[in-house]
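Engineer: Residue numbers (my numbering): 513 to 711. Glycine included, each C-beta is placed from N, C-alpha and C at the ideal position. For clarity, every value in this text was computed on a predicted model and none was experimentally measured.
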DNA sequence: TGAATGATGCGCT
DNA sequence: GCGCATCATTCAT
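#1: For residue 603, report the span of its beta strand (DSSP E) as first-last.
#2: Report yes or no: do the stretch 542-549 and the stretch 562-571 share at least 3 C-beta pairs separated by less than 8 Å?
#3: Do you know how far the Cα of residue 611 is from the Cα of residue 640?
#4: What's the gap between the Cα of residue 523 and the Cα of residue 534?
#5: Do you know offhand how far residue 661's Cα is from residue 706's?
#6: Can you find the residues in the same chain that come closer than 7 Å, C-beta to C-beta, to residue 669, ignoring five residues on each side of it along the sequence?
#7: Report the CB separation of residue 606 from residue 617 in whole angstroms; it is logged as a contact under 8 Å.
#8: Specify the secondary structure class of residue 571 as computed by DSSP and reduced to three states.
#9: Report, in whole angstroms, the separation of the C-beta atoms of residue 555 and residue 626, which I expect to be a contact under 8 Å.
#10: Compute the beta-carbon to beta-carbon distance between residue 604 and residue 642, rounded to the nearest angstrom, for a pair I have assumed lies under 8 Å.
#11: Would you identify the three-state DSSP class for residue 693, choosing helix, strand or coil?
#12: Grab me the residues of residue 575's own chain with a C-beta within less than 7 Å of its C-beta, minus the 5 sequence neighbours each way, in chain order.
#13: In chain order, what residues of the same chain lie with their CB nearer than 8 Å to the CB of residue 581, ignoring the 5 residues before and after it?
#14: Given that a residue counts as buried once 16 or more other Cβ atoms are within 10 Å of its Cβ, and exposed if not, what is residue 655?
#15: Have a look at 591, 599 and 622 and flag the residue whose alpha-carbon is nearest the alpha-carbon of residue 664.
#16: What are the start and end residues of the alpha helix (DSSP H) that includes residue 529?
#17: Along the chain, which unbroken stretches of the alpha helix (DSSP H) at least 4 residues long are found entirely within the stretch 626-665?
#18: Would you list the residues sitting across from residue 624 in a DSSP beta bridge?
#19: For residue 676, which residues does DSSP report across the bridge?
#20: Excluding the 5 residues flanking residue 557 on each side, which residues of the same chain have their C-beta closer than 7 Å to its C-beta?
#21: Spatial neighbours of residue 553 within its chain, please: CB distance less than 8 Å, with the 5 preceding and 5 following residues excluded, ordered by chain position.
This is the structure:
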């Protein structure tokens, strides 16, 4: 039942990324990530991200200055920052803000849209976590520093409307006070379920 | 339903 | 050496 029809959408340009990170993070929910690899297209709707903002954010990789690994974060917005974590998983980030201000948005979870087999019925968890997303999308260190505005990995606006919820970030030991994990409040495709509200 | 744990490699002190 | 922006599995309650 998979369609090979290409869904149209507007590619997000440099001006989308080169803004305050929290603004970008809130607007990025509901956007679509597209990866064209060898003529095969995968796409997914973004449901959950985290913001890592500047050298005053202790959880941000740039907190202790520029290194070879995090150098891309110090450049212009609109590039991919990919790193290896725990020796076995990759995490994909979107660099934000202008040159000189290091910040990025971690893609934590998404809803599969195009280019997947759904025979297992476990699609809700297929992309639910930063490591799982990269494994399925085959994102690795070779994709670090790719230009999202001019390449085969990019974001699209397909006009989806969303309601967002903010929570503390996951898996960090410092910087827990900020509500910089941003989720689609209605989505079933999150890395962790939101706390249900009690009456 | 939740806590503990092992796998695994790189960057940094 | 140690500590990670993780995940799947095992064990306890």
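Structural biologist: Taking the structure as given:
#1: First-last of the beta strand (DSSP E) with residue 603: 601-607.
#2: No, the stretch 542-549 does not touch the stretch 562-571.
#3: Roughly 31 Å separates the two Cα atoms.
#4: For residue 523 and residue 534, the distance between alpha carbons rounds to 20 Å.
#5: One C-alpha to the other measures close to 32 Å.
#6: So the list reads 521, 522, 524 and 543, once near-sequence residues are dropped.
#7: About 5 Å; that satisfies the 8 Å criterion.
#8: Three-state result, residue 571: coil.
#9: Right, their Cβ atoms sit about 4 Å apart.
#10: Indeed, because the Cβ distance is near 7 Å, the residues count as touching under 8 Å.
#11: Judged by DSSP in its simplified three-state form, residue 693 adopts strand.
#12: Contacts found: 567 and 569.
#13: Excluding residues within five positions, the ones whose Cβ falls inside 8 Å are 573 and 595.
#14: Burial call: buried.
#15: The residue with the shortest Cα to Cα distance from residue 664 is 591.
#16: Taken as a continuous stretch (DSSP letters only), the alpha helix (DSSP H) holding residue 529 covers 526-529.
#17: Taking 4 residues as the shortest admissible run, the stretch 626-665 contains the following complete alpha helix (DSSP H) segments, listed from N- to C-terminal end: 635-638 and 642-649.
#18: In DSSP, residue 624 forms a bridge with 556.
#19: Residue 676 pairs with 696.
#20: For residue 557, where only same-chain residues beyond five positions count, the Cβ hits under 7 Å are 542, 544, 622, 623, 625 and 672.
#21: Contacts found: 518, 546, 547, 626 and 627.
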